[in-house]
Amino acid sequence: MTVITMTKSPIALVARDVASAVQWQHVLSVHLPNEKIVQFADLQSREKAAVEIAIVANPDPTEVAQLTNLVWIQSLWAGVERLVAELGPKAPPIVRLVDPELARTMAEAVLAWTYYLHRDMPAYLRQQKKAVWQQRPYVHPGRMTVGLLGLGALGMRAAGRLKDAGFVVKAWSRSPRQCDGVETFSGDDGLQALLVASDIVVCLVPLTCETRGLIDARRLSSMKEGAGLINFARGPVIVAEDLIDALDAGRLSHAVLDVFDTEPLPESSRFWSHPKVTVLPHISAPTDRDTAVRIVAANIQAYQASGIIPATIDLARGY
Ligand code: NAP
Numbered sequence: 070m071t072v073i074t075m076t077k078s079p080i081a082l083v084a085r086d087v088a089s090a091v092q093w094q095h096v097l098s099v100h101l102p103n104e105k106i107v108q109f110a111d112l113q114s115r116e117k118a119a120v121e122i123a124i125v126a127n128p129d130p131t132e133v134a135q136l137t138n139l140v141w142i143q144s145l146w147a148g149v150e151r152l153v154a155e156l157g158p159k160a161p162p163i164v165r166l167v168d169p170e171l172a173r174t175m176a177e178a179v180l181a182w183t184y185y186l187h188r189d190m191p192a193y194l195r196q197q198k199k200a201v202w203q204q205r206p207y208v209h210p211g212r213m214t215v216g217l218l219g220l221g222a223l224g225m226r227a228a229g230r231l232k233d234a235g236f237v238v239k240a241w242s243r244s245p246r247q248c249d250g251v252e253t254f255s256g257d258d259g260l261q262a263l264l265v266a267s268d269i270v271v272c273l274v275p276l277t278c279e280t281r282g283l284i285d286a287r288r289l290s291s292m293k294e295g296a297g298l299i300n301f302a303r304g305p306v307i308v309a310e311d312l313i314d315a316l317d318a319g320r321l322s323h324a325v326l327d328v329f330d331t332e333p334l335p336e337s338s339r340f341w342s343h344p345k346v347t348v349l350p351h352i353s354a355p356t357d358r359d360t361a362v363r364i365v366a367a368n369i370q371a372y373q374a375s376g377i378i379p380a381t382i383d384l385a386r387g388y
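In case it helps, the numbering used here puts the sequence shown at residues 70 to 388.
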């Protein structure tokens, strides 16, 4: 906990998307009536030098860097990988959005797309295109193992949802974790054990130096023959070319991808037309404006009252 002496200056709102900045500014102003919230483009030079708090949504890092007096940054997003990478080790403390509603939405998405693979929907889609009437065998969820990479705010909730649906759930994290009814793993051997055992692997780890390229040809070759893969974390956690090779070789049956190295996914990407890939436009867990604004407003009010910055991410660890 860092205690800072409080002074009042405008709060900067830094967002790349102007339309969304206008909406955020409106709802934030309603929930923080005693604060002056100013979009970056409207800040005077002396205000830029005085701002202590920046609320950011996919910001241009060069704009954030112009706020030289920042005490802390509040992100409106749960994932702050780009911010961490682009602001570097000297970044001010970063508070990411931790919202139970976001975790609920992500857990719902994990369950929905797990069912998509579990009930063989990609195969039925292929059959329909060829007018093939063929019933495929039903597999009870209790005979399917779902392996979660990441057991944080989102992974924990997803694990609960999958368990309640009857799947066998295994999960892997950086440090050893406990989760009721879930077999947990950490470390390299733990990852190997999870990959070997899982019918569906769901990626929910943040992108850090350690997780970039985590799922490469070697790891893919450890996965069960015909396993499915879901990536709801960040594109570069999986090596795209290695994934395509594994799908082409029949090693994996299908991949559901919500996140990519470059977003929007370029038209030239092979993922668009790959028959064993489902492309989603980064929609698995969008920020809920109503719940997020309450959490952010509470963080800022608490800071203004006490000078205590809310829990921040560990810049050295990257998440
Ligand atoms: P979190 O609470 O920080 O949890 C991260 C989890 O990943 C923790 O269990 C952590 O281990 C584990 N982890 C981190 N580095 C690891 C490593 N090197 N090896 C093994 N495990 C590692 O994050 P969260 O809130 O669950 O969010 C996870 C990610 O979801 C975000 O960073 C973002 O990329 C993504 N996301 C995507 C969307 C979307 O719409 N697609 C929306 C929101 C978030 P420990 O438990 O030991 O710390």
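Heads up, the beta-carbon is just placed ideally off N, CA and C, and yes, glycines get one too. Computed from a predicted structure; not experimentally measured.
For residue i, tell me which candidate among the options has the shortest Cα-Cα distance.
i, options, result
"Glu132", "Leu82, Phe340 and Glu150", "Leu82"
"Gly216", "His209, Ala222 and Phe236", "Phe236"
"Val308", "Val270, Pro191 and Leu289", "Leu289"
"Ser291", "Leu263, Ile122 and Ala354", "Leu263"
"Asp268", "His187, Ala119, Ser242 and Leu145", "His187"
"Ala228", "Ala172, Asp111 and Pro245", "Ala172"
"Asp359", "Pro79, Ala88 and Leu145", "Leu145"
"Leu298", "Leu283, Ile313, Arg287 and Val325", "Val325"
Under a Cβ-count criterion, where at least 16 other Cβ atoms within 10 Å of its own Cβ denotes burial, should residue i be classed as buried or exposed?
i, result
"Glu310", "exposed"
"Asp327", "buried"
"Arg230", "buried"
"Gly256", "exposed"
"Ala337", "With the sequence shown as reference, residue 337 is identified as Ser, and Ala is not the correct amino acid for it. Classification of Ser337: exposed, given that the 10 Å Cβ count is below 16."
"Val125", "buried"
"Met75", "Reliability fails at Met75, whose pLDDT of 48 lies under 50, so the model's placement of it is uncertain and the value that follows must be treated cautiously. Exposed: under 16 other Cβ atoms inside 10 Å."
"Cys278", "exposed"
"Arg339", "exposed"
May I ask you to report which of helix, strand or coil DSSP gives residue i?
i, result
"Glu332", "coil"
"Ala374", "helix"
"Ser267", "coil"
"Ile364", "helix"
"Ala126", "strand"
"His351", "coil"
"Ile369", "helix"
"Thr280", "coil"
"Gly297", "strand"
"Thr131", "helix"
Taking the continuous beta strand (DSSP E) assigned at residue i, which residues delimit it?
i, result
"Gln83", "Per the sequence shown, residue 83 should be read as Val rather than Gln. That run of the beta strand (DSSP E) goes Ile80 to Ala84."
"Gln143", "Trp141 to Ser144"
"Ala110", "Segment: none, Ala110 is in no beta strand (DSSP E) and carries neither H nor E."
"His95", "Premise fails: His95 lies in the alpha helix (DSSP H), Val87 to His100, not in any beta strand (DSSP E)."
"Glu252", "Glu252 to Ser255"
What first and last residue would you give for the alpha helix (DSSP H) that runs through residue i?
i, result
"Ile313", "Ala309 to Asp317"
"Gly224", "Ala222 to Asp233"
"Val153", "Glu150 to Leu156"
Is there contact here, the segment 101–120 with the segment 365–373, by at least three beta-carbon pairs under 8 angstroms? yes
Should the segment 135–142 be called in touch with the segment 153–166, which here means at least 3 C-beta pairs below 8 angstroms? yes
With a threshold of 8 angstroms, are at least 3 pairs of Cβ atoms found where one atom belongs to the segment 218–226 and the other to the segment 181–201? no
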